[in-house]
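One point on numbering: in my numbering, the residue at position 16 of the sequence shown is 17, and numbering is uninterrupted.
The structure under discussion appears below in the form of structure tokens.
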Amino acid sequence: MGLISDCLRVAPLVLVLAAPLIHAAPDETALGRDAGYPRGTPQQVTEERYKVGSFSALADILPGRPSARGGPLWELPAGKPLPAVQYTARDGTFALDDYFERRRVTSFLVLHKGRVRLERYQYGRTAEHRFASFSMAKSVTALLVGIALERGLIRSLDDKAEVYAPELAGSAYGGSTISHLLQMGSGVRWTEDYGGRDDVADLWAALFRVYAGGNPTQVLARRRPMEAEPGTRFKYATGETQVLCHVLKGATKRTAADLTSEWLWRPLGAEADAAWLVGWQDIEYCGGGFNATTRDYARLGRLLALGGRRDDAQIVPPAFLKRATDPAEQPPGFRLNEPGPRFGYGYQFWLVQGGFLMQGVFGQAVAVFPALDLVVVQTAVWPKSSDLDSRLERDAVVRAIVNAVSKE
């Protein structure tokens with residue numbers, strides 16, 4: 002786990018892990034408890050009995066590349082417990098403890114003003130497990146783009162992707178600007194419904210050689226029609242983030258894993274190495290392949306809550322972070338309530354009233370509320386990739402925590 006004291010590692014868990022010994026998490030048997038929550042093969046990772054084991058070891062199942070920690074640890078001391086929190090779901094009003102009996106949460110952490118006010122693990126997971134980010138990786142990728150811009154490695158966000166990724170020259174994505182790709186606003190047709198036959202399934206299969214039929218570059222560079230004027234419409238597309246991965250590699254001549262280590266993980270004082278999934282052609286899966294501990298996700302969230310700064314070090318450029326996460330900075334079509342009810346979309350971040358989120362399928366989330374210096378982290382193994390009931394209840398829990406903290 003790196004250079005972290007036994008006191009820091011264990012003491013907060015003693016406070017918050019007592020309750021889970023009494024209350025059972027849902028669907029433990031179906032999720033593989035009796036077999037010790039086994040890991041699956043690359044083809045099995047989303048099957049029910051393998052989800053818990055696989056989602057906390059994905060960089061061991063698939064090819065992974067570490068993003069090393071280093072430098073002074075950003076300590077996360079224990080804070081006072083949260084006040085009694087109640088939230089309202091579709092079927093009633095519940096206490097916070099009820100949430101962990103009702104929904105498939107593998108870890109949950111509330112960090113307020115730098116102190117851990119709740120930390121909980123279920124299904125045999127611990128603070129030492131590295132949890133799959135899925136699409137939370139998109140936000141990490143955006144931060145790397147912003148730092149590359151600040152350092153002059155990317156000249157302008159108005160540059161086309163093919164300037165840095167000549168392998169995409171002449172394609173619709175190659176002709177898209179970096180800014181439009183960051184915003185999920187290229188206008189290029191891309192299908193992403195998680196039915197197993199969409200474009201994102203093709204990208205996954207090409208990256209990890211699930212079948213022999215093309216490579217990742219070919220998936221991104223294939224002939225694609227335009228569906229909208231660039232910069233006018235939000236459409237979620239993992240392919241757009243993966244193009245940014247090609248841009249980063251071409252602009253910096255380095256891997257996303259190395260950049261993450263030098264530009265983020267070391268300066269923010271992570272307690273454990275992170276890891277990126279690495280696909281064919283030796284490129285990271287920037288659209289969904291990041292893995293980190295729950296505490297380090299919380300550290301990243303706090304860095305963003307503090308405007309990209311840790312102590313005297315400005316790690317993420319503040320102007321870029323503001324453009325990425327502030328609803329007022331977004332163009333028409335991407336502001337609050339325009340892409341959909343209650344949310345907007347920035348540069349690979351989901352925007353909500355008073356904050357912003359990193360989100361991934363099956364329930365992964367890092368919610369950041371800068372005015373409160375509040376970060377809520379959840380990892381999960383939802384029944385479906387986009388489980389509506391689970392998402393609505395998670396959102397209700399987060400809102401209840403925000404309300405409780407804001408009244409203190």
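Just so it is clear, CB atoms sit at the ideal spot from N, CA and C, and this is done for glycine as well.
Model, not experiment: these values are computed from the prediction.
- Message: Short of 7 Å in beta carbon distance, which residues of its chain neighbour M185, apart from the five on each side in sequence? Order them along the chain.
- Response: F235, K236, Y237, A238, E241, Y346
- Task: Have a look at the DSSP bridge pairing and note the partners of H113.
- Result: R116, L375
- Identify whether I402 lies in helix, strand or coil by the three-state DSSP scheme. helix
- Query: Between A229 and G188, is the Cβ-Cβ spacing less than 8 Å?
  - Reply: yes
- Message: Tell me which residues share the same chain as R118 and place their Cβ nearer than 6 Å to its Cβ, disregarding the 5 neighbours each side in the sequence.
- Response: G80, L83, V111
- Please report the residue range of the beta strand (DSSP E) in which G67 lies. Residue 67 is actually Pro in this sequence, not Gly. Looking at the DSSP string, the run of the beta strand (DSSP E) that includes P67 is 65-68.
- To the nearest angstrom, how far is it from the Cα of D297 to the Cα of M227? 39 Å
- Is the segment 217-227 in contact with the segment 361-371, if contact means three or more CB pairs nearer than 8 Å? no
- Can you check the segment 81-148 for any beta strand (DSSP E) of at least 3 residues that lies completely inside it and give the ranges in chain order? 87-90, 93-96, 106-113, 116-122, 132-135
- Message: Please report the distance separating the alpha-carbon of W266 from that of D259.
- Response: 10 Å
- Message: With H, G and I counted as helix, E and B as strand and the rest as coil, what does DSSP make of T380?
- Response: strand
- Query: According to the neighbour-count rule (16 or more other Cβ atoms, all chains shown, within 10 Å of its Cβ), is H247 buried or exposed?
  - Reply: buried
- Count the other C-beta atoms from every protein chain shown that fall within 10 angstroms of the C-beta of R91, then say buried if there are 16 or more, exposed otherwise. exposed
- What does a CB cutoff of less than 6 Å around G54 pick up in its chain, not counting 5 residues either side in sequence? Y38, P39, R40
- Under 8 Å Cβ to Cβ from T94, same chain only, skipping five residues before and after it: list those, please. Q87, Y88
- Mind checking S1: buried by the 16 CB within 10 Å criterion, or exposed? Lying before the first or after the last residue shown, residue 1 is absent from the chain, which here runs from 2 to 409.
- Message: If you follow the beta strand (DSSP E) that A293 is in, where does it begin and where does it stop?
- Response: 291-293
- Task: For L56, I'd like the list of residues in its chain whose CB is within less than 8 Å of its CB, leaving aside the five on either flank, ordered along the chain.
- Result: Reading off the sequence shown, one finds Phe at residue 56, where the question assumed Leu. Excluding sequence neighbours, F56 sits near V46, T107, F132, A133, F363, T380, V382.
- Check whether the Cβ atoms of A273 and R103 sit closer than 8 Å, and answer yes or no. no
- Query: Looking only at DSSP bridge pairs, what is A368 linked to?
  - Reply: L358, V377
- In the DSSP assignment, what residue or residues form a beta bridge with K161? T178
- Using DSSP with H/G/I as helix, E/B as strand and the rest coil, what is L46? The question names Leu, but residue 46 is Val in the sequence shown. The answer is coil: DSSP assigns V46 none of H, G, I, E or B.
- Message: By the three-class DSSP mapping on this structure, what secondary structure does Q315 have?
- Response: strand
- So is T178 buried or exposed if we call it buried at 16+ other beta carbons inside 10 Å? buried
- Per DSSP, the bridge partner or partners of V189: M227
- Task: Inspect the beta-carbon positions of L63 and P43 and report whether they are closer than 8 Å.
- Result: yes
- Per-residue burial, P328 [other beta carbons within 10 Å of its own, 16 or more giving buried]: buried
- Per-residue burial, P13 [other beta carbons within 10 Å of its own, 16 or more giving buried]: In this prediction, P13 has a pLDDT of 38, which is less than 50 and means its spatial position is unreliable; what the coordinates show is noted afterwards. Burial call: buried.
- Task: Answer with buried or exposed for N404, where buried requires no fewer than 16 other C-beta atoms within 10 angstroms of its C-beta.
- Result: exposed
- Task: Label H24 either buried or exposed according to how many other C-beta atoms from any shown protein chain fall within 10 Å of its C-beta, with 16 as the threshold for buried.
- Result: exposed
- Item | Local conformation of L22 per DSSP, three classes | Any reading at L22 is ruled out, since the residue's pLDDT is 45, under 50, leaving its predicted position unreliable.
- Message: Going by the DSSP bridge assignment, what does Y38 pair with across the sheet?
- Response: Paired residues: none, contrary to the question.
- Query: Which whole-angstrom value describes the C-beta separation of Q123 and P217, a residue pair presumed to lie in contact below a C-beta threshold of 8 Å?
  - Reply: With a Cβ gap of about 35 Å, Q123 and P217 do not count as contacting.
- Message: Buried or exposed, going by whether 16 or more other CB atoms sit within 10 Å of the CB of E394?
- Response: buried
- Task: Taking L352 as part of the beta strand (DSSP E), name the residues at either end of that continuous run.
- Result: 351-353
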